[in-house]
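K.L.:
In my numbering, the protein residues as written are 587 to 658.
Ideal placement from N, C-alpha and C gives every residue a C-beta, glycine not left out.
None of these values were measured; they are calculated from a predicted model.
One structure, pasted below without further comment.
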């Protein structure tokens with residue numbers, strides 16, 4: 587039996603955070619915290635451009651991981 591989508595996302599986020607801690611934190615702030623790009627940058631001490639770039643990369647990584655294609 588496969589796990590629920592919420593559990594699968596939590597597990598994927600844990601794997602992302604263990605490999606790329608800053609991107610994991612960014613996902614938590616944006617997705618779960620509901621922060622906007624600028625707010626996330628302020629909270630993390632990085633530019634909005636960096637937030638956008640890392641957000642794109644983190645989402646792609648999570649998508650691949652959830653499909654079983656990510657590598658650690």
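So, helix, strand or coil for residue 619, using DSSP?
P.N.:
coil
K.L.:
Using 10 angstroms around the beta-carbon of residue 587, count the other beta-carbons present and answer buried if the total reaches 16, otherwise exposed.
P.N.:
Unreliable positioning characterises residue 587 in this predicted model, as indicated by a pLDDT of 43, which lies under 50. The coordinate reading is nonetheless provided below. It counts as exposed.
K.L.:
Who are the near neighbours of residue 621 in its chain, counting only those whose CB is closer than 7 Å to its CB and skipping five residues on each side?
P.N.:
Non-local C-beta neighbours of residue 621 in its own chain, meaning closer than 7 Å and more than five positions away in sequence, comprise 615 and 629, ordered along the chain.
K.L.:
What whole-angstrom Cβ distance do residue 637 and residue 612 have, given they're in contact under 8 Å?
P.N.:
7 Å
K.L.:
Where do the N-terminal and C-terminal ends of the alpha helix (DSSP H) with residue 597 fall, by residue?
P.N.:
591-605
K.L.:
In three-state terms, what does DSSP make of residue 653?
P.N.:
It is coil, neither helix nor strand.
K.L.:
Please classify residue 626: is it buried, with 16 or more other beta-carbons within 10 angstroms of its beta-carbon, or exposed?
P.N.:
buried
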